[in-house]
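To keep things clear, I will list the structure first and then write my remarks on it.
Number of protein chains: 2
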Amino acid sequence: MSLFEKHQALIEKAVQAIAQRGYWSPFAEMPSPKAYGESAPAAGRAAFESYLGQRFELDQPGQSDWISPEVSPYGAPLGVSYPVCEAQALIDAAQAAMPGWQRLGARERVGLCAQAITELNARSFEIAHAVMLTTGQAWMMAFQAGGPHAQDRALEALAYAWQEQSRVPEQALWEKPQGKNAPIRMRKHFEIVGRGVALVIGCGTFPTWNTYPGLFAALATGNAVIVKPHPHAVLPAAITVRILRQLLAAQGQDPNLVSLCVPASPAATQSLATHPAVRSIDFTGGNAFGRWLLQHCAQAQVYAELAGLNHVLIDSTSAYQAMLDNLAFTLCLYSGQMCTTSQALLVPRGGIDTDQGPKSLEQVQTDLAAAIDRLLAKPEVACAVLGAIQSDETLARIAQAQSGQWGRVVRASQPLSHPEFPQARVHTPVLLACDAADESAYMQERFGPIAFVVSVPDTEAAVRLSERMVHEHGALTVGVYSTRQEVLHAVTEASWRAKVALSINLTGSVYVNQSAAYSDYHGTGGNPAANASYADSAFVANRFRVVQRRYHVE
Amino acid sequence: MSLFEKHQALIEKAVQAIAQRGYWSPFAEMPSPKAYGESAPAAGRAAFESYLGQRFELDQPGQSDWISPEVSPYGAPLGVSYPVCEAQALIDAAQAAMPGWQRLGARERVGLCAQAITELNARSFEIAHAVMLTTGQAWMMAFQAGGPHAQDRALEALAYAWQEQSRVPEQALWEKPQGKNAPIRMRKHFEIVGRGVALVIGCGTFPTWNTYPGLFAALATGNAVIVKPHPHAVLPAAITVRILRQLLAAQGQDPNLVSLCVPASPAATQSLATHPAVRSIDFTGGNAFGRWLLQHCAQAQVYAELAGLNHVLIDSTSAYQAMLDNLAFTLCLYSGQMCTTSQALLVPRGGIDTDQGPKSLEQVQTDLAAAIDRLLAKPEVACAVLGAIQSDETLARIAQAQSGQWGRVVRASQPLSHPEFPQARVHTPVLLACDAADESAYMQERFGPIAFVVSVPDTEAAVRLSERMVHEHGALTVGVYSTRQEVLHAVTEASWRAKVALSINLTGSVYVNQSAAYSDYHGTGGNPAANASYADSAFVANRFRVVQRRYHVE
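In the order they appear, the protein sequences are chains R and B.
For reference, each letter of the first sequence is one residue, going 1 to 554 in my numbering.
For reference, each letter of the second sequence is one residue, going 1001 to 1554 in my numbering.
Structural data, given as structure tokens:
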């Protein structure tokens, strides 16, 4: 039985899921021994621990050195060394691996990718430890976002890749009538050919969730892939690449189709990204390097997710406390280090109407701060929600926010000590208050646990400000709270113009920063925060080309 | 009955056709009164003649002047004046028209586009006269390529646009199980939003065939379109735009959704193309402006068909005479002014094996020249095949080729007088002979009736040269003649690496320069001749974005 046949039901269900966009997942999101096997938790931890302080062998070409660039936000020693390989050697090997991968055909490429995803799923505990320790995510998020949710995004991209490729027939008989004469008959063959070597550049916060869509979209459409992880979050990518290389080899494919590149310098990454053989780049990260890639890598299709200014408009609510709790959770989850975390809350100067009567702007500020305090009251809960601060830059940014230079400090950030990792840099969010006119404060991304309550003249002004923020600076998420249909209507229309996903009156256990595979499009691809979406047809359709040949037949 | 319902069967057949890629067309390709109505030929001519010497009113915003830039290659006076409209006014009006078009929804947008295409079909005679007189195409080609074949390409792009949009559900219920608790339920809405104002820049040789795919792909996916025709071939685009504007108005849509822009200067075109509101550009034309667009219009998706070096490898044949006749027709058709015309014929220095015995290189040259002479022996046939020379630049290029500076003249170009148009610039092809080493001669596009027999050391060298030509300079078409399977195999594999469409042993009435809608992909989008293909999913999928909103439901 071929791998496609083995996974055909899974693939078909995924294709159905992206068409219906309801809830679906083949993967258990809870780290439960019942779902993953009784031995899975211990085996996963042991596998993770076996990497620590060791060289991570990948047997890749062009290796010149070892590098150990990771720094754990938990302060835990990792000490894993990764091969430094010459970019040209990786590219040459990738190119050499592509013809065999092309010959395999879309169907079996997709089958092999599906097999890889299920193998990744089985390794979710191991990968979760790697994600947690490198990114600073708390355990539950590391398991879910790093494991099954990332695998869902992989399978979603794979479903799109299969759908688009499966619609190209392998061959056709072209038979043109000629009146009373015999028809002209031609046989035509249509070969799906990958665009060329793909480079997938990961980020430091979600090293699998943001890497898998590009990786599997590129791979399934016939391309070799070089994975370039963030230097602080290499291990999750390295484990993934090793699983793929082993599977490829076991299936008679050239393992160099997928390789890991841990460059010794940013210049090495730039030279790799601009290499003429690199024909697509998937990137998640900051604006500076993202814009550089878009400007300098004209030889490649660039799929970029950059920074944005996510925000929430608060006009009125019929569930004041639930709204505050929902917002507090969003601001605290992974210390606001999600690309979908709201940074600005736009509140009318004159306050808002609620089920608890009118609330002044100041009251909203105070109540939100209190909601955060309440959420983080128990240290063990706080650590499980906040995780740790991923980078020194974010740490410095928290200090800058505390100084009051960007607005009045409504709620100050405090360091917390982590029960398991004494060196972990755990800090609660800082909540600032400023006026809509103080654009220098809030009108740029302040990545991390830093949020602004921005006072606006009124809701109409908030809608205009929101639209402008998305148009000019981009956003992955916008939220709105209102009991008035005309406000929801205006915000909806603004979201269409600005092209941003909108969450309305979230008061339950779904948060504006969450995006569910097969259902929520992550990024619209239509505003400056991202030029592509996870996932849609556009995310896969241009990763392959169709090369035809034709000849007369009798 | 809505327009979608009216055309549903047509649209579904087109969707089926692009999946099966056999022969199909809903439009009669012969200019026959039986198919188009007894009065159609005369009515079409009368409609065309009614434009001559007149102002072509379009009632567009921002009009400041009239311009009459066309020069007929047939030397016929046209004297049609077109509105010069301020680009900003067209863009403002286009943007204002988009929300209503978005609200109409994908289904009825596609229905209206299908209606437009059938109306264009009914006007094929009128459009054919406009195409013939502005481009220099002979009548039959002007009718077929300018009429039904262009409409086929329009319908093909529409089928892809419908297919991709129809897979995005309007809404979904997302219901996530919560064990013993009630599931979390969210309603999600998915709005298809056009990327933004589309600019479609036409060429001087195929003002409808190369314009309709981008026009209808952009329109159907929710975008306003500004059509910028080549200054020498405005009328076919103007008629098309008027038909669309009238249909839009009749259907209650803002006619400014589609407008014609005839800029007073190249600078005006550049400023339009770089306008931040222009979010997609379709371009067919030369490398200089094409590369400029790709470099300077980072705000837009650019779909570009540029110059290339089409060529044919001749290794051996079992039908020598038929091969020569087939090649001769390709070189003569529309005086080689097709983007798919072969420019170089790669022939081994030692000659080729044929069904008539071995033929030396010199013999092949002479026999090909004779085949051209034979095809053009009768003046009325010659004029019906050659048409007229579209531009002064091509005329000058013929003279330059005749000078011998690019190679020995095997067959000289002669001027012919046209029976109907005494001022027509009709010139037979010039055939040159040079060596593979003379790259300065043949290794750039020599647009027009100029072809090279390039002598190569052997077939293996021809395959290498072919692959390099496509890699470095691009090509839309490659042909090969060989009786040896290993040669066909090697050329096929080279075509995959270089990503170019291959025609094998064409000896009948299909020519390497012909590309049939719904079946042949025109351009692979994978080599420098074009970064997109007519048509595939990638041609439409990124012209729209999906904007979602979600909220809790009980």
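Backbone N, C-alpha and C define an ideal beta-carbon position, used for all residues, glycine too.
Note that the structure is a prediction, hence the values are computed from the model and not measured.
Residue range of the beta strand (DSSP E) that B:I1504 falls in?
For the purposes of this step, residue 1504 of chain B is taken as the residue at position 504 of the second sequence. Looking at the DSSP string, the run of the beta strand (DSSP E) that includes B:I1504 is A1501 to I1504.
In this structure, how does DSSP classify B:C1383 when only helix, strand and coil are distinguished?
Here residue 1383 of chain B refers to the residue found at position 383 when the second sequence is read from its first residue. Correct three-state label for B:C1383: helix.
What residue range is occupied by the uninterrupted beta strand (DSSP E) comprising B:D1438?
By one-based count along the second sequence, residue 1438 of chain B stands at place 438. Per DSSP, B:D1438 lies in no beta strand (DSSP E) segment and is marked neither H nor E.
Would you mind reading off the limits of the beta strand (DSSP E) that contains B:F1544?
Looking up residue 1544 of chain B in the second sequence gives position 544. F1544 to H1552 is the extent of the beta strand (DSSP E) around B:F1544.
Under DSSP, the alpha helix (DSSP H) around B:A1093 begins and ends at which residues?
For this step, residue 1093 of chain B is matched to residue 93 along the second sequence. Its alpha helix (DSSP H) spans residues A1087 to A1122.
Using 7 Å as the limit for Cβ to Cβ distance, is R:Q423 near chain B?
Counting from 1 along the first sequence, the entry for residue 423 of chain R is found at position 423. It does not; no Cβ of chain B falls within 7 Å.
Within 7 Å, strictly: CB atoms of R:A307 and R:F216:
The count along the first sequence starts at 1 and reaches residue 307 of chain R at position 307. The count along the first sequence starts at 1 and reaches residue 216 of chain R at position 216. Taking a C-beta distance under 7 Å as the contact criterion, R:A307 and R:F216 do not qualify as a contact pair.
Mapping DSSP to helix, strand and coil, what is R:K34?
Numbered from 1 along the first sequence, position 34 holds the residue referred to as residue 34 of chain R. In the structure shown, R:K34 sits in a helix (DSSP, three-state: H, G or I).
So is B:A1237 buried or exposed if we call it buried at 16+ other beta carbons inside 10 Å?
Residue mapping note: residue 1237 of chain B aligns to position 237 of the second sequence, counting from 1. B:A1237 comes out buried.
Would you list the residues sitting across from R:P415 in a DSSP beta bridge?
As a working note, residue 415 of chain R is residue 415 in the first sequence. Paired residue(s): R:H427.
Taking only three categories from DSSP, how would you classify R:P422?
Reading the first sequence from its first residue, position 422 is the one you call residue 422 of chain R. Three-state DSSP puts R:P422 in coil, outside helix and strand.
Find the residues of chain B that neighbour R:F289, judging by a C-beta separation of less than 8 Å, and give them in chain order.
Here residue 289 of chain R refers to the residue found at position 289 when the first sequence is read from its first residue. By Cβ distance, chain B contributes nothing, its closest Cβ being about 16 Å from R:F289, past 8 Å.
Could you list which residues in chain R have their beta carbon closer than 7 Å to that of B:G1022, in chain order?
Here residue 1022 of chain B refers to the residue found at position 22 of the second sequence. Below the 7 Å Cβ cutoff, chain R contributes A172, L173, W174 and E175 as neighbours of B:G1022, in chain order.
Do R:V227 and R:V262 have their beta-carbon atoms positioned less than 7 Å apart in this structure?
The residue labelled residue 262 of chain R in the question sits at position 262 within the first sequence. The residue labelled residue 227 of chain R in the question sits at position 227 within the first sequence. For R:V262 and R:V227, no; Cβs fall outside 7 Å.
Apart from the five residues just before and just after R:V410, which ones in its own chain have a Cβ nearer than 6 Å to its Cβ?
In the first sequence, residue 410 of chain R corresponds to position 410, counting from 1. Cβ neighbours of R:V410 beyond the five flanking positions: Q365, A369, L431 and A433.
Just how far apart, CA to CA, sit R:N256 and R:Q115?
Locating residue 256 of chain R in the first sequence gives position 256, counting from the first residue. Locating residue 115 of chain R in the first sequence gives position 115, counting from the first residue. About 18 Å.
When the Cα of R:D355 is compared with those of R:S316, R:Y212 and R:A344, which residue comes out closest?
Locating residue 355 of chain R in the first sequence gives position 355, where the first residue counts as 1. Residue R:S316 is the option with its Cα nearest to R:D355.
Leaving out five residues before and five after R:A541 in sequence, what residues of the same chain have Cβ atoms less than 6 Å from its Cβ?
Locating residue 541 of chain R in the first sequence gives position 541, counting from the first residue. Contacts found: E164.
Step through the CB atoms of chain B and report whether any lies within less than 7 Å of the CB of R:Q444.
By 1-based counting over the first sequence, the position of residue 444 of chain R is 444. Not closer than 7 Å to any Cβ of chain B, the Cβ of R:Q444 fails to qualify, so no.
Distance between B:L1488 and B:S1403 (C-alpha atoms, nearest Å):
By one-based count along the second sequence, residue 1403 of chain B stands at place 403. By one-based count along the second sequence, residue 1488 of chain B stands at place 488. When rounded, the distance between both Cα atoms is 36 Å.
Report the rounded CA-to-CA distance for B:V1312 versus B:E1493, giving the unit in angstroms.
Counting from one through the second sequence, the residue named residue 1312 of chain B turns up at place 312. Counting from one through the second sequence, the residue named residue 1493 of chain B turns up at place 493. Rounded to the nearest whole angstrom, the CA to CA distance from B:V1312 to B:E1493 is 15 Å.
Tell me where the alpha helix (DSSP H) around R:E170 begins and ends.
One-based indexing of the first sequence puts residue 170 of chain R at position 170. Element bounds for R:E170: n/a, residue is neither H nor E.
On the DSSP bridge assignment, give the partners of B:W1174 in chain order.
Along the second sequence, read from residue 1 onward, the residue named residue 1174 of chain B stands at position 174. Answer by DSSP bridge pairing, in chain order: B:M1186.
Roughly how far, in whole angstroms, is the beta-carbon of R:R425 from the beta-carbon of R:I389, given that I think they are within contact range, below 8 Å?
Taking the first sequence and counting its residues from 1, the one referred to as residue 425 of chain R is at position 425. Taking the first sequence and counting its residues from 1, the one referred to as residue 389 of chain R is at position 389. The pair is a contact, with the Cβ atoms about 5 Å apart (cut-off 8 Å).
Going by CA-CA distance only, name the one from B:E1049, B:V1110, B:R1279 and B:P1041 that's closest to B:F1004.
Here the question's residue 1004 of chain B lines up with position 4 in the second sequence. Per the Cα distances, B:V1110.
Best match in B:A1094, B:E1070, B:Q1054 and B:P1033 for proximity to B:G1062 [C-alpha to C-alpha]
To locate residue 1062 of chain B, count along the second sequence from 1; it is residue 62. Taking only the C-alpha atoms, the option nearest B:G1062 is B:A1094.
At the level of alpha carbons, what is the spacing between B:P1041 and B:M1140?
Working through the second sequence from its first residue, we reach residue 1041 of chain B at position 41. Working through the second sequence from its first residue, we reach residue 1140 of chain B at position 140. Computed Cα separation, rounded: 13 Å.
Going straight from the alpha carbon of R:Q485 to that of R:A224, what length do you get?
To locate residue 485 of chain R, count along the first sequence from 1; it is residue 485. To locate residue 224 of chain R, count along the first sequence from 1; it is residue 224. Spanning the two alpha carbons is a distance of roughly 50 Å.
Got a sec, what are the start and stop residues for the beta strand (DSSP E) B:S1495 sits in?
Numbered from 1 along the second sequence, position 495 holds the residue referred to as residue 1495 of chain B. Segment Q1485 to A1498 is the alpha helix (DSSP H) holding B:S1495; no beta strand (DSSP E) there.
Out of curiosity, what's the CA-to-CA distance linking B:A1535 and B:L1502?
Residue numbering aside, residue 1535 of chain B sits at position 535 when the second sequence is read from its first letter. Residue numbering aside, residue 1502 of chain B sits at position 502 when the second sequence is read from its first letter. When rounded, the distance between both Cα atoms is 17 Å.
With a CB to CB cut of under 7 Å and the five nearest residues on each side skipped, what residues in its chain are close to B:G1290?
By one-based count along the second sequence, residue 1290 of chain B stands at place 290. Answer for B:G1290: F1283, A1304 and L1306, listed in chain order.
Rounded straight-line distance, which links the Cα of B:P1026 to that of R:P177:
In the first sequence, counting from the first residue as 1, residue 177 of chain R sits at position 177. In the second sequence, counting from the first residue as 1, residue 1026 of chain B sits at position 26. About 13 Å.
Could you please give the first and the last residue of the uninterrupted beta strand (DSSP E) stretch that includes R:H311?
Taking the first residue of the first sequence as position 1, residue 311 of chain R is located at position 311. Run containing R:H311: H311 to I314, per the beta strand (DSSP E) assignment.
Span separating the alpha-carbon of R:Q423 from that of R:P77:
Numbered from 1 along the first sequence, position 423 holds the residue referred to as residue 423 of chain R. Numbered from 1 along the first sequence, position 77 holds the residue referred to as residue 77 of chain R. Looking at the backbone, the Cα of R:Q423 and that of R:P77 are separated by about 10 Å.
Cross-strand partners of B:D1353 (DSSP beta bridge)
To locate residue 1353 of chain B, count along the second sequence from 1; it is residue 353. B:D1353 is bridged to B:S1316.
Take the Cβ of B:L1052 as the centre, count every other Cβ of all protein chains shown within 10 Å, and call the residue buried at 16 or more, exposed below.
Taking the first residue of the second sequence as 1, we reach residue 1052 of chain B at position 52. Under a 10 Å Cβ-count criterion, B:L1052 is classified as exposed, with fewer than 16 other Cβ atoms of the shown protein chains found around its own Cβ.
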